[in-house]
Structure formats: structure tokens, C-alpha cells
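K.L.:
So the sequence shown is residues 549 to 752, counted in this note's numbering.
Just so it is clear, CB atoms sit at the ideal spot from N, CA and C, and this is done for glycine as well.
None of the values given here were measured: they were computed from a predicted structure.
Below you will find the structure I want to go over with you.
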Amino acid sequence: MARTTKRAWQRMLSGRRLDLLDPSALDIEIADIAHGLSRVARWNGQTIGDYPFSVAQHSILVLKIFEAFATSPKPDAQLYTLLHDAPEYVMGDIISPFKAAMGGNYKDIEERVLEAIHLRFSLSAARPAKLVRAIKKADKQAAYFEAVHLAGFDPDEARNLFGEPMLPDFDLDGFDRLIRPWPTHEAQERFNETFASVSARIAD
């Protein structure tokens, strides 16, 4: 009797098949990432608004915050930032407390997928430690704003979880556009456009 091998790959709409346990950069397409992230909800969907707040929109918010902190950020650093949650296009967005409870090798698998994504877009697989810290700082700022403006958290509770906000709400109009949940098609288009814009600056 033939031995059955467990499937660990995900088929994409592009036709690519990504092996989550042994991901290849050749099986990664930005269209698949943008499509997936625009359909993955932050906060398990427990946010206000007519649409879920997607990981694609969160990624752009984190990039804008990163740029607000940075002095003349380089395009490769911007691309690393935009893609910081990219593995969630195939792994979903699992809230941090549950990730900690899960334990096991979830984080290792996520890191391998992220490294393959970096290689696909001509970045070094591993990010510099200083950049990792800067991205994490922007990510926590984004989480604070999302928690307070979208997920029903009291500001004091959000400060305890994500730290003191170090940025004002940008300029009010610009911030409102970033924090108000976008329709799926808009989140997908904006992610693609942002990726194309940053990538073009790297190529120059």
C-alpha cells in the first residue's frame, strides 16, 4: 500500500504552490501576497467599521509610522517594513497571546517563509538587528493606534500592552485615512502600489 505524505503546501491563485515547511523564493509572487493580506483580518476581525482592518492595511500603516520615525529611510528598509507580516498571507494572523500559548515551531516556520519572501524580492534573507528593532517599534505604535481607534481598548490598557505612543495621530486627515478600514479591493490595490513604488526606488 502506498505511503501517504502529508501535504504542507498551499496553492495560490497565481498557480504557485508554496511549501510552508520548505518555502522556495521561486514560488512567491507579490500578487499572491497582496491578495492574501488584504483578506486577512487583524484582531481576529474584532474591529469597528464596515470592513475588517486587513493585514495589508496594517502593513502600510506600519510603513508610514516607520517613515515618520526614520531619517531618510532607505528603500530596502522600507520594503523590509512593508513585508514584515507578509508570511500571514499563507499562515493567517494569529494574535500574539495565542502564538505564545501554541509554542512549538510556529515561529520557525513563519521565519523561514519570511526569509524566502525577502530573497524573492532581492533582499538579504535576514534583516539587520537594528532594523528589526525599528520595525518592531513602528509595529507596536500601529498596534496601539489600532487597539484604541478600532478594537475597543482603553488607552491605558493599550499603553500597558504596546507602550506609550510616541507619535501624535499624524495630521488628522492623513491619520483618518490610514486608520479607517479600507474595502478589500482598496487594501489590495494600495499594497500593490506601495510595493511597486518602493521596489522602483530600490532598482534606481
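Could you pull out every residue in the same chain whose Cβ sits closer than 6 Å to the Cβ of glutamate 741, ignoring the five residues on either side in sequence?
P.N.:
Exclusion of the five residues before and after glutamate 741 leaves no residue of its chain whose Cβ lies closer than 6 Å to its Cβ.
K.L.:
Helix, strand or coil for methionine 549? Go by DSSP, reduced to three states.
P.N.:
With a pLDDT of only 43 at methionine 549, under 50, the local geometry of the prediction cannot be trusted, and no value is derived from it.
K.L.:
Tell me, to the nearest whole angstrom, how far the beta carbon of serine 602 is from that of alanine 589; I am working on the premise that it is less than 8 Å.
P.N.:
6 Å
K.L.:
On the CB-based measure, 16 or more other CB atoms within 10 Å of its CB, does proline 731 come out buried or exposed?
P.N.:
exposed
K.L.:
Taking the beta strand (DSSP E) that glutamine 558 belongs to, which residues open and close that run?
P.N.:
557-559
K.L.:
May I ask you to list the residues that DSSP assigns as paired with aspartate 724?
P.N.:
Note: aspartate 724 sits in no beta bridge, so no partner.
K.L.:
So, at 7 Å on beta carbons, what are the nonlocal neighbours of arginine 749 in its own chain, with the 5 sequence-adjacent residues on each side left out?
P.N.:
Pro623
K.L.:
By the three-class DSSP mapping on this structure, what secondary structure does alanine 618 have?
P.N.:
Residue state for alanine 618 is assigned as coil, using DSSP reduced to three classes.
K.L.:
Assuming valine 746 and alanine 686 are in contact, meaning their beta carbons sit under 8 Å apart, how far apart are those beta carbons, in whole angstroms?
P.N.:
Contact between valine 746 and alanine 686 is absent: CB atoms are separated by about 15 Å, not below the 8 Å threshold.
K.L.:
Taking the alpha carbon of proline 600 as the point to measure from, which residue in Glu734, Phe743, Ala744, Ala751 has its own alpha carbon closest?
P.N.:
Glu734
K.L.:
List the whole-angstrom C-beta distance separating proline 703 from threonine 595, where the pair is believed to meet the contact cut-off of C-beta under 8 Å.
P.N.:
No, proline 703 and threonine 595 are not in contact; Cβ-Cβ is about 16 Å, not under 8 Å.
K.L.:
Determine the contact status of glutamine 605 and phenylalanine 614, defining contact as a CB-CB distance below 9 Å.
P.N.:
With a cutoff of 9 Å on beta-carbon distance, glutamine 605 and phenylalanine 614 are scored as not near each other.
K.L.:
Using CA atoms only, rank isn't needed, just tell me which of Glu636, Leu671, Leu667 is closest to lysine 655.
P.N.:
Glu636
K.L.:
For a minimum of 3 consecutive residues, which ranges assigned as the beta strand (DSSP E) are wholly contained in the segment 565-648?
P.N.:
Taking only runs of at least 3 residues, the beta strand (DSSP E) segments lying wholly in the segment 565-648 are 565-567.
K.L.:
Applying the criterion that 16 or more other CB atoms from any shown protein chain within 10 Å of the CB defines a buried residue, is threonine 552 buried or exposed?
P.N.:
With a pLDDT of 49 at threonine 552, under the threshold of 50, the modelled position of this residue cannot be trusted; read the value that follows with caution. Exposed: under 16 other Cβ atoms inside 10 Å.
K.L.:
Tell me which residues share the same chain as leucine 698 and place their Cβ nearer than 6 Å to its Cβ, disregarding the 5 neighbours each side in the sequence.
P.N.:
Thr595, Ile596, Phe601
K.L.:
Drop a sphere of 10 angstroms on the beta-carbon of leucine 494, count the other beta-carbons inside from all chains shown, and report buried for 16 or more, exposed for fewer.
P.N.:
Nothing about residue 494 can be read from this structure; the chain reaches only from 549 to 752.
K.L.:
Skipping 5 residues on each side, what residues in its chain have a beta carbon closer than 6 Å to that of alanine 674?
P.N.:
none
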